[in-house]
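In full-length UniProt numbering, the protein residues as written are 1 to 167. First the structure, in the form of structure tokens, and then the observations on it.
In structure tokens:
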């Protein structure tokens, strides 16, 4: 697992995308551009999320786990009732940011012809020759999506971790 995380985190997303789209067919696995984009983005998100979750769990004081064990809780109960809530609270902002970064990274998948926002903008621009207007509109679209998702994530964080009394 560690090798997978290090490999993905230390290689560019574009290279990963090209390996999935152009490399897998040599192994007999053929994916269309949208499927390859989904696979590559999922693999990338999985590696970064794994590291965020690991760091969040390891950030908790060891005494929390020891206290649960001292109370006679099993390892699963200790994780469920003591570790999980605190770890999710600690990692939620980083996971939310990772999701937003992934959304912004979708523009890269146009390199293999996947149909997403940037690809559509390039198509419109090639027909209208109005580069400035098209890419300004796409920039504003990404900005609205980013601000909207960040607002939604902040609202969820407030509802789950701030408004709610701590356990």
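Note that the Cβ used here is the ideal one computed from N, Cα and C, for glycine as well.
With respect to the C-alpha of residue 60, the residue from 69, 82 and 51 having the closest C-alpha is 82. Listed in chain order, the alpha helix (DSSP H) elements of length 4 or more contained wholly in the UniProt domain "ABC transmembrane type-1" (1-153) are 2-9, 13-18, 33-58, 62-70, 75-78, 84-105 and 117-128. For residue 43, the closest of 79, 71 and 5 by C-alpha to C-alpha distance is 5. Considering only 93, 112 and 72, the residue with the shortest C-alpha distance to residue 20 is 112. Spanning the alpha carbons of residue 139 and residue 127 requires a straight line of approximately 19 Å. The alpha-carbon of residue 84 is positioned some 35 Å away from that of residue 116. With a threshold of 16 other beta carbon atoms within 10 Å, residue 110 meets it and is buried. Here residue 107 has 118 as same chain residues with Cβ atoms under 6 Å from its own Cβ, once five neighbours each way along the sequence are excluded. Taking all protein chains shown into account, residue 29 has fewer than 16 neighbouring C-beta atoms within 10 Å of its C-beta and is therefore exposed.
With contacts defined as CB atoms closer than 7 Å, residue 9 and residue 36 fail to qualify as a contacting pair.
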